[in-house]
Amino acid sequence: MVKVGGWSLPNSRRDEPPYFSKTQLVDVLEQVAVLLELSGANGFKVRAYQNASRALSSMEEDLFSIISEGRLLQVKGIGKGIGGLITESVLHGTWGDMQSLYDKVPTGLIEIVGIPGLGPKKVKALYDSLGIESIEQLKTACELDHISSLPGFGKKSQKKIFDGIDLLRRYQGRTRMDVGLLFGRSLEEKISLIEGVEKAQLAGSARRRRETIGDLDIVVSSLAINHQTVIQEILGLPGIAEVKGYGDSKISLILEQEMLSSSIGTGALDERLAETLMDRNSDATIDAQVRIVTPETFPFTLAYFTGSKEHNIRMRQEAINRGLRLNEFGLFPESLAGSSIGMEAAKHTLLCSDESEIYKNLDMHWVPPEMREDMGEIEAASTSKSLLPELIIPEDIKGAFHNHTIYSDGSNTLEEMAQAAQSLGWQYLGIADHSETLNIGGRSIGISSNLVPNQRSEIIKLNQIWSDEGVDFRLFHGSECDILADGKLDYSDDIRNIFSHVVGSIHALGSWRNRDEIENTEMLIRAIEDPTFTILGHPTGRILQVREGIPIDMHAIIRRMGELNMEGNLKAIEINASPYRLDLDWRLCKFAKEQKVPICINPDAHDVNGLNDVWYGVQIARKGWLERSDILNTKTGAEIESLFNVR
DNA sequence: GCCGTTTTCGGCCCGACTGTTTTCAGTCG
101 MVKVGGWSLP
111 NSRRDEPPYF
121 SKTQLVDVLE
131 QVAVLLELSG
141 ANGFKVRAYQ
151 NASRALSSME
161 EDLFSIISEG
171 RLLQVKGIGK
181 GIGGLITESV
191 LHGTWGDMQS
201 LYDKVPTGLI
211 EIVGIPGLGP
221 KKVKALYDSL
231 GIESIEQLKT
241 ACELDHISSL
251 PGFGKKSQKK
261 IFDGIDLLRR
271 YQGRTRMDVG
281 LLFGRSLEEK
291 ISLIEGVEKA
301 QLAGSARRRR
311 ETIGDLDIVV
321 SSLAINHQTV
331 IQEILGLPGI
341 AEVKGYGDSK
351 ISLILEQEML
361 SSSIGTGALD
371 ERLAETLMDR
381 NSDATIDAQV
391 RIVTPETFPF
401 TLAYFTGSKE
411 HNIRMRQEAI
421 NRGLRLNEFG
431 LFPESLAGSS
441 IGMEAAKHTL
451 LCSDESEIYK
461 NLDMHWVPPE
471 MREDMGEIEA
481 ASTSKSLLPE
491 LIIPEDIKGA
501 FHNHTIYSDG
511 SNTLEEMAQA
521 AQSLGWQYLG
531 IADHSETLNI
541 GGRSIGISSN
551 LVPNQRSEII
561 KLNQIWSDEG
571 VDFRLFHGSE
581 CDILADGKLD
591 YSDDIRNIFS
601 HVVGSIHALG
611 SWRNRDEIEN
621 TEMLIRAIED
631 PTFTILGHPT
641 GRILQVREGI
651 PIDMHAIIRR
661 MGELNMEGNL
671 KAIEINASPY
681 RLDLDWRLCK
691 FAKEQKVPIC
701 INPDAHDVNG
711 LNDVWYGVQI
721 ARKGWLERSD
731 ILNTKTGAEI
741 ESLFNVR
């Protein structure tokens with residue numbers, strides 16, 4: 101989904117190259133693709149811009165270096181045309197004649213393509229014939245019955261557009277992973293219990309563990325003779341706000357809160373979340389697509405609706421390379437399928453009892469769902485000895501380093517937090533309360549310098565008790581220390597040296613937002629280089645669906661941390677496991693691993709229940725290709741003690 | 001616009017669904 105805000109070419113805040121950052125280029129290329137589409141450009145050209153944007157965003161090296169060294173055109177997906185535009189903008193700060201494209205397309209059109217059923221072609225037709233360039237105008241045109249007589253439109257289209265405008269207004273966009281999974285598992289469970297259902301499995305972005313989920317996809321396996329009764333049963337389930345449509349093999353639904361209230365057998369974690377949602381009297385809903393297939397077809401359909409679009413494209417290409425064709429019903433020789441399509445073509449499918457056999461027929465190892473994003477997994481799975489990592493699991497976690505108590509803005513005591521950690525089977529808990537300068541809304545939140553020793557002695561006392569009792573558990577006395585606008589850390593050097601570990605975090609985002617990426621990166625690196633600095637907390641400050649992170653070159657920061665680690669320091673980076681943050685972004689995890697920067701999965705808990713959030717962090721780590729050995733909090737308490745500043 | 005055991009043009013992933021048409025274009029995932 102394209103954001104409408106900031107729909108213009110960026111101006112540079114710098115007076116020397118690089119005038120623009122990679123992130124800015126990624127955004128511009130994506131916008132250009134949309135504008136081209138709306139102005140009726142060739143679809144393949146549009147895709148070229150999308151591909152180039154994607155290529156840039158997954159590029160790990162510094163863009164300016166690549167351009168300076170003349171290596172830009174070696175990047176797959178960037179050719180002469182787009183490469184020239186990128187080079188011009190970065191080196192000279194200008195955008196060629198791109199401004200004319202921006203001028204040509206009214207920004208209102210971008211909003212209009214968000215209406216379900218209206219794509220770029222139809223939006224352009226409305227603009228060309230009726231001059232419609234805003235949602236308001238479109239609504240009026242519907243009311244005046246001006247749409248239905250247009251070629252290619254009709255009465256039904258007009259009504260659909262009119263209803264769609266309302267839908268767009270209510271449309272919440274994507275749903276956070278925790279909430280989406282809650283709905284998804286609940287529906288999955290209810291369908292599984294229906295008679296005649298062999299299996300119901302969540303697919304789509306929920307199964308891939310994206311940090312936000314668009315709509316839910318559920319694939320249901322059932323013998324053909326049972327399909328009709330199963331469909332009727334599903335339509336009658338509680339918690340369905342609306343049935344958008346259904347046929348012989350597919351149901352499209354909108355789920356509402358009641359779906360959660362009657363859920364059974366979910367863990368304590370999910371029950372609490374369900375309660376919270378109900379308490380807030382939230383009107384959150386989520387769309388769900390249910391596909392009913394036969395047991396033989398199930399693995400193909402599951403794989404098809406699990407892979408990201410990009411992963412699936414690559415998979416189909418792998419099939420083509422072997423004289424095969426892959427669709428949601430099977431994998432079959434092109435020669436036998438001929439001109440038939442869909443289920444008919446799949447009559448000749450190779451039999452696969454599960455997903456792994458589909459991959460095997462394409463000479464690949466099975467790829468965990470989280471990794472199906474075309475981020476290198478196809479290549480890694482295609483080698484004779486798999487290069488896919490053995491992904492971390494939640495049970496590997498032995499503690500966490502960033503948690504709050506009543507000393508700052510937490511709501512439980514040291515003892516209560518420790519007890520909760522012990523009941524999770526952890527060997528340690530890192531306390532990292534806020535530092536002195538932090539105040540939110542004029543209220544001071546952090547621990548003042550003179551109170552730090554109090555917390556220290558309380559922790560020493562508790563640790564002594566466990567040690568005496570022979571309990572393998574300890575608290576680490578750390579700090580979530582503010583990184584100030586000039587890159588200095590809060591507290592004096594003396595105070596910071598008291599702590600076993602320092603989680604450096606940015607909280608006062610204002611000045612960081614008003615600076616460019618290059619300056620922010622410089623300041624943050626300055627903070628990281630401080631000898632007392634241990635862990636970078638919620639690295640970009642993003643809050644999912646609320647605010648973007650600060651402009652920052654994460655690749656450069658991770659590279660620098662890697663260098664410092666090579667010099668014998670311990671500089672780690674956090675995956676903040678709060679489902680509303682999930683920052684570090686999963687796309688950067690693999691890079692951090694390659695640069696030898698350890699990752700911590702930190703729940704950032706503010707109460708005893710918050711510790712459970714670690715589970716979401718593990719999902720992100722899996723998505724980011726991380727193994728047990730990449731994660732700092734899979735180490736034992738004794739190992740961490742020897743790594744930290746513990747005296 | 002990008003790409004290439006088919007090096008400079010002709011491809012570029014697959015299919016369902018919808019509504020408009022009367023064979024298909026556009027949208028969606």
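Per this note's numbering, the first sequence starts with residue 101, numbered consecutively.
Note that CB positions come from ideal geometry on N, CA and C, so glycine has one too.
Here the structure is a predicted model, which means the values were calculated and not measured.
Can you tell me where the alpha helix (DSSP H) with residue i in it begins and where it stops?
{"i": "Pro433", "result": "Where Pro433 is concerned, there is no enclosing alpha helix (DSSP H), although the beta strand (DSSP E) it sits in stretches over 430 to 433."}
{"i": "Ile212", "result": "208 to 212"}
{"i": "Tyr58", "result": "Since the first residue of the chain shown is 101 and the last is 747, residue 58 is not available in this structure."}
{"i": "Val146", "result": "143 to 157"}
{"i": "Asp533", "result": "Element bounds for Asp533: not the alpha helix (DSSP H) but the beta strand (DSSP E), 528 to 534."}
{"i": "Asn461", "result": "455 to 461"}
{"i": "Asn665", "result": "654 to 666"}
{"i": "Ile740", "result": "737 to 743"}
When you compare the CB positions of residue i and residue j, do they come within less than 7 Å of one another, or not?
{"i": "Val746", "j": "Ser600", "result": "yes"}
{"i": "Ala300", "j": "Ile291", "result": "yes"}
{"i": "Ser511", "j": "Ile547", "result": "no"}
{"i": "Val708", "j": "Glu516", "result": "yes"}
{"i": "Gly345", "j": "Glu356", "result": "no"}
{"i": "Glu580", "j": "Gly637", "result": "yes"}
{"i": "Phe400", "j": "Gly430", "result": "yes"}
{"i": "Val602", "j": "Thr632", "result": "yes"}
{"i": "His504", "j": "His192", "result": "no"}
{"i": "Pro216", "j": "Glu233", "result": "no"}
{"i": "Ala241", "j": "Leu250", "result": "no"}
{"i": "Arg309", "j": "Glu470", "result": "yes"}
{"i": "Arg276", "j": "Leu644", "result": "yes"}
{"i": "Gln582", "j": "Thr634", "result": "Per the sequence presented here, residue 582 reads as Asp, with Gln not at that position. No; because the gap between Cβ atoms is not below 7 Å, this pair is not in contact."}
{"i": "Ser322", "j": "Glu298", "result": "yes"}
{"i": "His465", "j": "Ala481", "result": "yes"}
{"i": "Gly296", "j": "Asn326", "result": "yes"}
{"i": "Lys239", "j": "Ser248", "result": "no"}
{"i": "Val126", "j": "Ser165", "result": "no"}
CB-CB under 8 Å to residue i, same chain, minus the five flanking residues each way: which ones, in chain order?
{"i": "Ile731", "result": "Ile492, Asp496, Ile497, Pro698, Ile699, Cys700, Ile701, Ala721"}
{"i": "Leu109", "result": "Val128, Trp195, Met198, Gln199, Tyr202"}
{"i": "Ala656", "result": "Asp162, Thr621, Ile625"}
Might you give, ordered along the chain, the residues of its own chain that have their beta carbon closer than 6 Å to the beta carbon of residue i, omitting 5 neighbours on each side?
{"i": "Arg380", "result": "With a pLDDT of 49 at Arg380, under the threshold of 50, the predicted position of this residue should be treated as unreliable, though the coordinate-derived value follows. Nothing meets the Cβ criterion."}
{"i": "Ser592", "result": "none"}
{"i": "Gln389", "result": "Asp317, Ser352"}
{"i": "Ile354", "result": "Ala341, Glu342, Thr385, Asp387"}
{"i": "Leu173", "result": "Gly183"}
{"i": "Gly641", "result": "Ile606, Leu609, Gly649, Ile650"}
{"i": "Met443", "result": "Phe429"}
{"i": "Ile478", "result": "Arg414"}
{"i": "Arg416", "result": "Leu426"}
What's the call for residue i, buried or exposed, on a 16-neighbour Cβ count within 10 Å?
{"i": "Ile186", "result": "buried"}
{"i": "Phe144", "result": "exposed"}
{"i": "Pro220", "result": "buried"}
{"i": "Val571", "result": "exposed"}
{"i": "Arg749", "result": "Examination of residue 749 is not possible in this model, given that the chain is present from 101 through 747 alone."}
{"i": "Ile364", "result": "Per-residue confidence for Ile364 stands at a pLDDT of 48, beneath the threshold of 50, marking its modelled position as unreliable; no derived number is given."}
{"i": "Tyr119", "result": "buried"}
{"i": "Gly367", "result": "Unreliable placement is indicated for Gly367, whose pLDDT of 46 sits below 50; the coordinate value is still reported in the next sentence. Per the 10 Å Cβ criterion, exposed."}
{"i": "Ala738", "result": "exposed"}
{"i": "Lys122", "result": "buried"}
{"i": "Arg647", "result": "exposed"}
{"i": "Gly438", "result": "exposed"}
Which residue comes first and which comes last in the beta strand (DSSP E) that contains residue i?
{"i": "Glu828", "result": "Because the chain here runs from 101 to 747, residue 828 falls outside it and cannot be looked at."}
{"i": "Cys242", "result": "Element bounds for Cys242: not the beta strand (DSSP E) but the alpha helix (DSSP H), 235 to 243."}
{"i": "Ser352", "result": "350 to 355"}
{"i": "Lys344", "result": "340 to 346"}
{"i": "Ile178", "result": "Note, Ile178: premise wrong, no beta strand (DSSP E); not H, not E."}
{"i": "Asp387", "result": "386 to 393"}
{"i": "Cys452", "result": "No beta strand (DSSP E) holds Cys452; DSSP gives it neither H nor E."}
(message) My parser needs the beta strand (DSSP E) runs of 3 or more residues fully inside the segment 559 to 624; what are they?
(response) Within the segment 559 to 624, the complete beta strand (DSSP E) runs of at least 3 residues are 574 to 582, 602 to 605.
(request) Enumerate, from N- to C-terminal direction, the unbroken alpha helix (DSSP H) stretches of 4 or more residues contained entirely within the segment 282 to 332. (result) With a minimum length of 4 residues, the continuous alpha helix (DSSP H) runs that stay inside the segment 282 to 332 are 304 to 307.
(message) Restricting to runs no shorter than 3 residues, where is the beta strand (DSSP E) found entirely within the segment 395 to 449?
(response) Counting whole runs of 3 or more residues, the segment 395 to 449 contains the beta strand (DSSP E) stretches 424 to 427, 430 to 433.
(message) What ranges does the alpha helix (DSSP H) occupy inside the segment 492 to 518, keeping only unbroken runs of at least 4 residues that lie completely in it?
(response) Correct list: empty.
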